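So the structure is just underneath, and the comments pick up after that.
Residue numbers (the working numbering): 2 to 350.
Dropping the structure here:
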């Protein structure tokens with residue numbers, strides 16, 4: 002009887018809305034880096050589904066539709082030319098060790114996609130941090146291409162935010178005419194390129210620059226992110242507290258002359274910050290559940306992101322910061338509930 006009534010998928014309307022919100026990012030990845038981006042997304046989803054099915058089938062439970070979200074997000078935060086073995090290993094780790102080990106959907110402490118990325122970030126650093134593909138030019142972008150990588154292997158380089166942090170990209174002062182109109186794909190270690198802030202902002206908004214395949218276009222991220230915000234699919238308290246704190250602290254440190262802090266706008270628009278804010282920090286399973294704890298959670302992630310991004314050897318500060326926030330989520334909920342209970346008890350007395 003159990004076999005007869007077995008359901009393959011657990012219907013979850015919230016996760017379906019998240020998938021809808023991710024579609025602009027998927028489209029941007031295809032447009033800028035070629036159709037291999039779509040293949041990477043589909044492959045990650047397939048691996049995630051099979052991995053979770055192996056575990057849920059033994060428990061006679063359906064696969065959660067959250068697996069499609071985890072697979073899509075994991076793929077979108079990978080370089081466009083990520084090797085398939087790296088993608089597969091990371092996706093299996095995401096579902097097996099960051100989700101199923103804790104008992105499956107709803108019981109995981111960490112965001113599965115981020116845990117998987119952290120794992121491959123440590124195990125395959127060159128594939129994750131030093132190999133990028135250039136964004137396609139022209140009206141059709143990369144719609145007629147499989148990939149924008151000029152060779153079978155990814156081109157060694159760095160993302161614009163990494164160049165900015167290391168002083169290879171410098172903002173022009175006043176009417177400095179020695180500026181480039183486009184961020185170069187490759188910048189030598191001993192080279193410095195001067196650009197106008199407007200040039201960086203345009204590249205960040207459109208996404209026409211090297212980076213992870215689904216998060217470079219702020220416009221695409223905002224289309225999906227605002228959909229989650231308006232429909233209340235994602236926590237507004239987490240989103241607002243994270244963005245406001247991060248922007249304010251960046252601007253304060255920049256005004257004080259602290260290097261290499263770039264200022265509020267470049268920091269918020271760059272490095273996949275908005276993608277992480279809308280789609281990963283707001284994961285309802287690994288984030289706090291009480292309102293006050295959500296605000297503290299957003300502030301905590303913002304503070305750690307600034308510290309790690311600007312003062313550590315890692316450029317991907319948001320990834321580690323959200324995972325740190327995930328660790329503190331249960332205790333912040335506990336602290337808030339204990340505080341409320343204490344106040345109610347005092348009022349009763």
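Built from N, CA and C at the ideal position, the CB exists for glycine as well.
Since we're looking at a predicted model, the values are computed, not measured.
Query: Sub-8 Å separation of residue 80 and residue 214 beta-carbons; Result: yes
Query: Span of the beta strand (DSSP E) around residue 195; Result: 194 to 196
Query: N- and C-terminal bounds of the beta strand (DSSP E) containing residue 184; Result: First-last for residue 184: undefined, no H or E at that position.
Query: Contact check, residue 330 vs residue 288, beta carbons under 8 Å; Result: yes
Query: Same chain, Cβ closer than 6 Å to residue 30, neighbours up to 5 away in sequence not counted; Result: 38, 214 and 215
Query: Where residue 172 falls: helix, strand or coil (DSSP); Result: strand
Query: Contact between the stretch 330 to 342 and the stretch 289 to 297 (3+ Cβ pairs under 8 Å); Result: yes
Query: Delimiting residues of the alpha helix (DSSP H) encompassing residue 38; Result: 37 to 59
Query: Straight-line gap, residue 258 to residue 248 (C-alpha atoms, nearest Å); Result: 15 Å
Query: Supposed close pair residue 180, residue 203 - CB separation, criterion 8 Å; Result: No, residue 180 and residue 203 are not in contact; Cβ-Cβ is about 13 Å, not under 8 Å.
Query: Host alpha helix (DSSP H) of residue 252 (start-end); Result: 237 to 256
Query: Close-in-space but distant-in-sequence residues of the same chain around residue 118 (CB under 7 Å, 5 per side omitted); Result: 75, 78, 91 and 320
Query: Segment contact, 8 Å Cβ cut-off, at least three pairs: the stretch 98 to 113 with the stretch 137 to 144; Result: no
Query: Beta-carbon contacts of residue 41 that lie in its chain and below 6 Å, excluding the five residues immediately before and after; Result: 76
Query: 8 Å Cβ cutoff met for residue 33 and residue 200; Result: no
Query: Straight-line gap, residue 262 to residue 241 (C-alpha atoms, nearest Å); Result: 21 Å
Query: Coarse secondary structure for residue 11, derived from DSSP in three states; Result: strand
Query: Chain-order list of residues whose beta-carbon lies under 8 Å from that of residue 343 (same chain, five-residue window excluded); Result: none
Query: 8 Å Cβ cutoff met for residue 326 and residue 301; Result: yes
Query: Residue 239 classed as buried or exposed, judged by whether at least 16 other C-beta atoms fall within 10 angstroms; Result: buried
Query: Helix, strand or coil at residue 147 [DSSP, three-state]; Result: coil
Query: Residues near residue 85 by beta carbon distance below 6 Å, same chain, minus five either side; Result: none
Query: As assigned by DSSP and simplified to three states, the class of residue 156; Result: Note on residue 156: pLDDT 47, under 50, position unreliable in the model; no value is reported.
Query: Where residue 70 falls: helix, strand or coil (DSSP); Result: helix
Query: Which of helix, strand or coil DSSP assigns to residue 82; Result: coil
Query: Buried versus exposed, by CB contacts within 10 Å (16 or more), residue 19; Result: buried
Query: Beta-carbon proximity list for residue 230, same chain, < 8 Å, skipping 5 on both sides; Result: 237, 240 and 279
Query: Limits of the unbroken alpha helix (DSSP H) element including residue 231; Result: 219 to 231
Query: Opposing strand residues paired with residue 65 [DSSP bridges]; Result: 11
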